[in-house]
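Participant: So that we are looking at the same thing, I have put the structure below in structure tokens.
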Amino acid sequence: MNAAAPFALRRSFDWKWVVIGLCVVFTIYIAVVPLAFLLWQSFFTPQTAAKAAEFTLGNYTSAYGSSETLRLFWNSVQFAVGASLFAFVLGTALAWMNERTNTPFKTLFFALSIIPLIIPGILFTVAWILLGSPKIGIINLALQNSFGLERPLFNVYSLWGMIWVDGLHYSPMAFLLMTAAFRAMDPALEESATMSGANIFQVAYRVTLKLTWPAILATLLMLFVRAIESFEVPALLGLPVGIHV
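Numbering-wise (this note's numbering), the sequence shown opens with residue 105 and increments by one.
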């Protein structure tokens, strides 16, 4: 019995939990520790050679009590919400057409949808500057020369231009995510609703929307977070005209 006890102990010991524990500790060390240090230092004044750091709440007062901070926050919310909604609507519409209609070249279209995600954001933004700039934009110059317009029709150096460019760039992400959701859903449910007399809008609202609701929320959340952390579009299109996010 005594000889069997160490054997049972060895069998109950699993190295998997040791590895998992080490990974958790390492993740906490590289993620939580710097964040905790940053939070701690935010309650002190800068330390110099002549003056020691002092505890203060002035950093938070000056940051969150400033009207400039509120303006930046509102600009960021408008940009992120607009870009994520535009990308979602465009990507979902294309995903529905690709999965629920007899559109030709479906496989080719699905493969080509990945290409915009490969293009760096700075190159995508510069390309739209060359197309929609009010001074040198190819689209504006062509329309002005063709129809005699005095003012440019498009201006990417605006909040709407930022939403347009950023939403277009990441609409393939919504397309891929919603394509997976449509493929996982049984199309027989939509066909049954159609045969029961429901029109396309009723089917979309009563069947498709409710079945894909978890995927819709996940897609919108990912697009919103990605838009909040976007740098290229606000830097190249927003900063020149004073739109700070």
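Using N, Cα and C, we set each Cβ at its ideal position, and we do this for glycine too.
Keep in mind the model is a prediction, meaning the values are calculated, not measured.
1. Quick one: Cα of residue 324 to Cα of residue 134, how far?
2. How long is the line joining the alpha carbons of residue 225 and residue 343, rounded to whole angstroms?
3. Using 8 angstroms as the Cβ pair cut-off and three pairs as the minimum, do the stretch 234-254 and the stretch 312-328 touch?
4. In three-state DSSP terms, what is residue 209?
5. Quick one: what does DSSP say residue 159 is sitting in, helix, strand or coil?
6. Within 10 Å of its beta-carbon, does residue 232 have 16 or more other beta-carbons around it, so buried, or fewer, so exposed?
7. Please go through the same chain and pick out, in chain order, the residues whose beta-carbon is closer than 7 angstroms to the beta-carbon of residue 294, but skip the five residues on each side of it.
8. Quick one: any contact between the stretch 189-206 and the stretch 333-342, if contact means 3 or more CB pairs under 8 angstroms?
9. So who's on the other strand from residue 148, going by DSSP bridges?
10. Using the C-alpha atoms, what's the distance from residue 148 back to residue 154?
11. So, does the stretch 177-186 touch the stretch 326-335, judging by three or more C-beta pairs under 8 angstroms?
12. Using three-state DSSP, classify residue 217 as helix, strand or coil.
Facilitator: This is what the structure gives:
1. 29 angstroms
2. 16 angstroms
3. no
4. coil
5. strand
6. buried
7. 307, 311 and 312
8. no
9. 159
10. 15 angstroms
11. yes
12. coil
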